[in-house]
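First to last, the sequence lines map onto chains A and B. Sequential numbering from 1 applies to the first sequence in my numbering. Sequential numbering from 599 applies to the second sequence in my numbering. First comes the structure, then the notes that go with it.
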Amino acid sequence: MLKEFVVAPIIRLENVHYSYQSETDQPVKALDGVNLAVQPGEYLVIVGHNGSGKSTLAKHLNALLLPAEGEVWVKDWNTTDPRHVRDIRSTVGMVFQSPDNQIVATIVEEDVAFGPENLGLPHSEIVRRVDWSLDQVGMTPLRHRAPHLLSGGQKQRVCIAGMLAMRPQVLVLDESTAMLDPLGRREVLDIAYRLNKDEGVTLIAITHYMEEAVAADRLVVMSEGRIVLEGTPRDLFAQAGRLRELQIDVPQVTQLAAALSERIDDFPNDILTVAELVDTIRQRVSPRDGRPAPAGAAESPAPPLPERIIDIKDLTYYYMYDTPLQVKAVSGINLDVCQGEILGIIGHTGSGKSTVIQHFNALLLPHEGQVTIFGQDVRQNGIDVKSIRRRIGLVFQFPEAQLFEHYVGDDIAFGPRNLKLSREDVRARVKQAMQSVGLGFEEFKDRITFGLSGGQMRRVALAGVLALEPEVLVLDEPTSGLDPQGRNQLLDHILELHRTEGLTLVLVSHNMEELARVCDRICVISEGRVVSIGSPAEVFGRPAMLRELSLGVPPVTDVIDQLHHTGVLSNPTTVLNVDQAVELLVHLFEAEPGKVTD
Amino acid sequence: MSQFELLRNVTIGQYIPTNSVVHRLDPRAKMLGAAMIVLTVSFITKVVPILIMFAMILLIANISRVPLKYILRGILLGLPILVLVFTIQLLFQGWTEPVGRIYLEWGWLRVTRFSVQLITVGILRILCFIFITSLVTMTSTVTELTHSVEKLLNPFRRFGVPSHELALINMIALRFVPTLAEEMERVMKAQASRCADIDGSQKFWRPDKAARAYLPLTVPLFINAFRRAEDLILAMEARCYIGGDGRTKYVVLKGSRRDVVVVAGTVVFFFLMVLVPWPSARSVLALVGLTGL
């Protein structure tokens, strides 16, 4: 704490207020008296639910927005002073959310040069900086590539290099990992951490991912335009109750530690990482052989599933088929979807999983192999594609990008109207669909679509597919980009439909915790092939395979697996959620005298 | 089967990387040279010099090692224009005096020596245009072209030509072509999943309905494009962009003596083709013993 008096903060916010005009013409208070000092070299993470003001705060750090009241200082420069805008923006580099919307040039190295060019640096200096920056983010081999041929993670690395080329002292990541898959997120974070540690770049990250928050020096929680909590991740995550009120997730490992600390004497509740938890447990329990695995975590074989709705045999599909650029997207896929199940699909971006699900409703037709939907071969002549698409609803990633009608009700009615239903039927279906996603019919049907929040638009898009009354709902990353609360709400609505209407679900997701919790079966796709399919216990019971594919397992599964490998647990067991892990571990501690309060 | 694969048909800036001498020329030299050739071809009115120009362009194509079938594909693109030029010249030039020899007369359709010359020159001229412009785009990347447009326009900046802005707009447009094509594909698939008819099955005599059927595709595309534009503005501002003044350039185009020779060569060709009194095609044919035309 003494440090704060010795080193001058690199960024200071003093009582910053900011409001913006909303669609309904009422000014919305985005920042309401924010005070914050950022120390040089620190790693600061800002979390908060959507609309808490954290992105508005970020845009104040490099004078993209100017405070309506209060002051922002970057080093000795006040951000309202137009003479220092270039100094401020080259000192505080910012990387935004969407990798596609930040790249200006058609060639990687030229994009990196864009910043130094704007600063009017001499040619030799630009060349030196471009070389250095590309090297820092490991993109030198791809420097002549066109950006649209890069993966999401690579694009974000180019964006970081573009900022580094201006030699910033502060790097702000404004939800820069939100649209990336786990692998891309890892790439970006590794670079950011290294810049922070080795190059002394001050790192400020705004994020919904708590794994990123765990590594921070300092964590700031925002709500309603104010900073409501501030401290080390360890201190803050121990206050699980308070965080839940603020709609902030707690890492699964911390949840597990907290649950254990309630049952076991002096078990710490402020554990942040898997390794730490494994160590803590190992210190308290001596390894013993022949400890029986409790029955609760053992896997009961899934009952034979009834009817196969979708049956895919030896599917092979090519992109740019019959052109010189033909690429095999998937090959030899065998997969089925059964009546009433929840099937999870995991795989990296580009693994072919999107190609597979687009065969589920005959958007794509197989080049080789057979796809049978409701007993019909999709390649048969005269097949009713429309009826397939009605019965199998497909919701794309970021489905709010497909909304087009001015009013919410009209947009949801688009599907039913395409089915040429009567006015009354359309209305009834719209009403039903809106209710099942938790949007009141009377309240929302005449609202303007593009004035809704991101989470509401997502639900409107979902309702637009539900209004077709599908029997199967296929969702590609339904919760990506939402904050924890939005994520849970959306997932609850979907699961409710599964429970009450018997809707068959196919969920494509990167969120292993979520999939482990809800799925009946999980299918792993990698490099265009199905590498594993089975119950969650079977699939997550092979953590080594998943790690090899850099897919990972839920943290609790990882903890138990590592305890087994270090000899604390003698039987290999696969747990899928916190409750199972707690049962198993309490059982373990019971064998140690005087450890369990119960 | 591939009704959604839009990129398959997008062949913008078909760069054919054969790394020939032509590829390695400075893009500015290529653009200036091509402009000179276009100018030359526009001035030529006789058959012999245009045949020489055409042969020269084929020679350049040969040197650049671009497969002939790619260049010929360009004719397909220009086919409607070629047919139009051919028909118009055939129908109307037959009665222009002096007619020269009349080859054929049928009703009011008349084919004369003069109209044959015009048709030949007209068609060859268009072929020359198509070939030389596609040769430029096939041997230079879009980025090279963008930079050279900026450089070539730079001297006119003082007269208010926004050379840098034009180049940047061009570059960003090219940058987003694949992104928006992907997005279009996604929106088409999403609306098709909502049972929309997006295969253009609308009746052509109801253009209002056809237009309405495109709204579910165009509205999201435009909204997303605007959103992208807003993001891009922020990202550019965050990188200190404030316009063209005071900017330096990363890409430096370095012309060599070879480039100067090429441009000078095309200028020489211009005077050679336009000022030299070339013999008529008839007299050339007479030399090889074909008389009586």
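For every residue, glycine included, the Cβ atom is placed at its ideal position computed from N, Cα and C.
6 Å Cβ shell around N617 of chain B - same chain, five flanking residues per side excluded: The residue you call residue 617 of chain B lines up with position 19 of the second sequence. The answer is none, since no qualifying residue turns up.
Taking just the CA atoms, how far does H587 of chain A sit from P294 of chain A? Taking the first sequence and counting its residues from 1, one reaches residue 294 of chain A at position 294. Taking the first sequence and counting its residues from 1, one reaches residue 587 of chain A at position 587. Interpretation of P294 of chain A is limited by its pLDDT of 47, a score under 50 that renders its predicted location unreliable; no figure is taken from the coordinates.
Quick one: which chain A residues come within Cβ less than 8 Å of T741 of chain B? The residue given as residue 741 of chain B occupies position 143 in the second sequence. By Cβ distance, chain A contributes A105, T106, I107 and E110.
Counting only runs of 4+ residues fully inside the stretch 812–846 of chain B, write out the alpha helix (DSSP H) ranges in chain order. none
Of all the options A:V45, A:G53, A:D87 and A:V34, which has the alpha carbon lying nearest to the alpha carbon of E71 of chain A? Along the first sequence, read from residue 1 onward, the residue named residue 71 of chain A stands at position 71. The shortest Cα separation from E71 of chain A among A:V45, A:G53, A:D87 and A:V34 belongs to A:V34.
Name, please, each residue of chain B whose Cβ falls closer than 8 Å to the Cβ of L363 of chain A. Here the question's residue 363 of chain A lines up with position 363 in the first sequence. Under the 8 Å cutoff, chain B gives F602, K787, A790 and S791.
Does F820 of chain B pass the burial test, meaning 16 or more other C-beta atoms within 10 Å, or should it be called exposed? Your numbering for residue 820 of chain B matches position 222 in the second sequence. With fewer than 16 Cβ atoms within 10 Å of its Cβ, F820 of chain B is classed as exposed.
Would a check of beta-carbon distances place N50 of chain A closer than 9 Å to chain B? As a position in the first sequence, residue 50 of chain A is number 50, starting the count at 1. So no, N50 of chain A is outside the interface.
If you drop the 5 nearest sequence neighbours on each side, which residues of the same chain put their C-beta closer than 7 Å to that of A794 of chain B? Mapped onto the second sequence, residue 794 of chain B falls at position 196. These residues qualify, in order along the chain: P814.
Please go through the same chain and pick out, in chain order, the residues whose beta-carbon is closer than 6 Å to the beta-carbon of A467 of chain A, but skip the five residues on each side of it. Here residue 467 of chain A refers to the residue found at position 467 when the first sequence is read from its first residue. I412, G415, P416, R429, V430 and A433, listed in sequence order.
Tell me the rounded alpha-carbon separation between A298 of chain A and V553 of chain A. If you number the first sequence from 1, residue 298 of chain A lands on position 298. If you number the first sequence from 1, residue 553 of chain A lands on position 553. In this predicted model, A298 of chain A has a pLDDT of only 45, less than 50, meaning its place in the structure is not dependable; the value taken from the coordinates is given anyway. The straight-line gap from Cα to Cα measures roughly 18 Å.
Could one say the Cβ of G631 of chain B lies closer than 9 Å to chain A's Cβ atoms, at least one of them? What you label residue 631 of chain B is simply residue 33 of the second sequence in a count that begins at 1. G631 of chain B does not count as touching chain A.
Name the one or two DSSP bridge partners that D32 of chain A has. Position 32 of the first sequence, counted from the first residue, corresponds to residue 32 of chain A. Answer by DSSP bridge pairing, in chain order: A:H17.
Taking 9 Å as the cut-off, decide whether the C-beta atoms of H348 of chain A and L551 of chain A are in contact. In the first sequence, counting from the first residue as 1, residue 348 of chain A sits at position 348. In the first sequence, counting from the first residue as 1, residue 551 of chain A sits at position 551. Taking 9 Å as the Cβ cut-off, H348 of chain A and L551 of chain A qualify as a contacting pair.
Test item: CB-CB of A632 of chain B and D857 of chain B under 9 Å: Counting from 1 along the second sequence, the entry for residue 632 of chain B is found at position 34. Counting from 1 along the second sequence, the entry for residue 857 of chain B is found at position 259. No, they are not a contact pair.
Among A:E307, A:P543, A:L236 and A:L563, which residue has its Cα nearest to the Cα of V47 of chain A? As a first step, residue 47 of chain A must be located in the first sequence, where it is residue number 47. For the residues A:E307, A:P543, A:L236 and A:L563, the minimum Cα distance to V47 of chain A belongs to A:L236.
Confirm, please, whether the CB-CB distance from I103 of chain A to P147 of chain A is below 9 Å. By 1-based counting over the first sequence, the position of residue 147 of chain A is 147. By 1-based counting over the first sequence, the position of residue 103 of chain A is 103. Against a cut-off of 9 Å, the Cβ pair of I103 of chain A and P147 of chain A comes out as a contact.
Please confirm whether D492 of chain A has its beta-carbon closer than 9 Å to some beta-carbon of chain B. Start at 1 with the first residue of the first sequence, and residue 492 of chain A comes out as number 492. By this cut-off, D492 of chain A is not an interface position.
Using alpha carbons as the reference points, say which of A:P555, A:F267 and A:I522 lies closest to V578 of chain A. On the first sequence, residue 578 of chain A is found 578 positions in, with the first residue counted as 1. The residue with the shortest Cα to Cα distance from V578 of chain A is A:P555.
Same chain, Cβ closer than 8 Å to L576 of chain A, five either side skipped, listed in chain order: Sequence index remark: in the first sequence, residue 576 of chain A carries index 576 (1-based). Excluding sequence neighbours, L576 of chain A sits near A516, R517, P536, A537, F540, P554, V556 and T557.
Alpha carbon to alpha carbon, how far is R845 of chain B from S881 of chain B? Give it in angstroms, no decimals. Position 283 of the second sequence, counted from the start, is the residue given in the question as residue 881 of chain B. Position 247 of the second sequence, counted from the start, is the residue given in the question as residue 845 of chain B. Taking the straight line from one Cα to the other gives about 59 Å.
Can you name, in chain order, every residue of its own chain whose Cβ lies under 8 Å from the Cβ of R167 of chain A, other than the five neighbours on each side? Sequence index remark: in the first sequence, residue 167 of chain A carries index 167 (1-based). For R167 of chain A, where only same-chain residues beyond five positions count, the Cβ hits under 8 Å are S90 and R129.
If we cut at 9 Å on Cβ distances, does V38 of chain A have a partner in chain B? Start at 1 with the first residue of the first sequence, and residue 38 of chain A comes out as number 38. No, because no Cβ of chain B sits closer than 9 Å to the Cβ of V38 of chain A.
If we count the other Cβ atoms within 10 Å of its Cβ and call it buried at 16 or more, is F398 of chain A buried or exposed? Translated into the one-based positions of the first sequence, residue 398 of chain A becomes position 398. Burial call: buried.
Give me the Cα-Cα distance between G93 of chain A and E828 of chain B, rounded to the nearest whole angstrom. Start at 1 with the first residue of the first sequence, and residue 93 of chain A comes out as number 93. Start at 1 with the first residue of the second sequence, and residue 828 of chain B comes out as number 230. Roughly 18 Å between the two C-alpha positions.
Of all the options A:V356, A:V250 and A:G344, which has the alpha carbon lying nearest to the alpha carbon of N334 of chain A? The count along the first sequence starts at 1 and reaches residue 334 of chain A at position 334. For N334 of chain A, the nearest C-alpha among the options comes from A:V356.
Whether or not the stretch 307–315 of chain A and the stretch 358–370 of chain A are in contact is what I'm after, with contact meaning three or more pairs of Cβ atoms, one per stretch, closer than 8 Å; do they touch? yes
Within the stretch 504–556 of chain A, ranges of the alpha helix (DSSP H) (whole runs, at least 4 residues): Complete alpha helix (DSSP H) runs here, min 4: 512–518, 536–540 and 543–548.
Candidates B:S662, B:L688 and B:T777: closest to L623 of chain B by CA position: As a first step, residue 623 of chain B is located in the second sequence; it is residue number 25 there, counting from the start. For L623 of chain B, the closest C-alpha among the options B:S662, B:L688 and B:T777 is that of B:S662.
Closer than 6 Å by C-beta to R291 of chain A: which residues in its own chain qualify, once you throw out the five before and the five after it? Chain order, please. The sequence position of residue 291 of chain A within the first sequence is 291, counting from 1. Confidence in R291 of chain A is poor, its pLDDT being 48 and thus under 50, which makes the residue's placement unreliable; the coordinate value appears in the next sentence. Only S570 meet the Cβ criterion.
From the DSSP secondary-structure annotation, give me the bridge partner or partners of D81 of chain A. Taking the first sequence and counting its residues from 1, the one referred to as residue 81 of chain A is at position 81. Bridge partners of D81 of chain A: none, in fact.
What does DSSP give as the partner residue(s) for I642 of chain B in the beta ladder? For the purposes of this step, residue 642 of chain B is taken as residue 44 along the second sequence, with counting starting at 1. According to DSSP, which records beta bridges pairwise, I642 of chain B is partnered with nothing at all.
P776 of chain B classed as buried or exposed, judged by whether at least 16 other C-beta atoms fall within 10 angstroms: For the purposes of this step, residue 776 of chain B is taken as the residue at position 178 of the second sequence. That one is buried.
Hey, out of A:G393, A:D520 and A:E212, whose CA is closest to V45 of chain A's CA? Within the first sequence, residue 45 of chain A is the residue found at index 45, counting from 1. Nearest of A:G393, A:D520 and A:E212 to V45 of chain A, Cα basis: A:E212.
Hey, out of A:E245, A:V214 and A:R185, whose CA is closest to A275 of chain A's CA? As a working note, residue 275 of chain A is residue 275 in the first sequence. Among A:E245, A:V214 and A:R185, the Cα nearest to that of A275 of chain A is on A:V214.
Name the residue from B:G758, B:V645, B:L675 and B:G853 whose alpha carbon lies nearest to the alpha carbon of R894 of chain B. This structure cannot settle anything about residue 894 of chain B, because the visible part of chain B is limited to 599 through 891.
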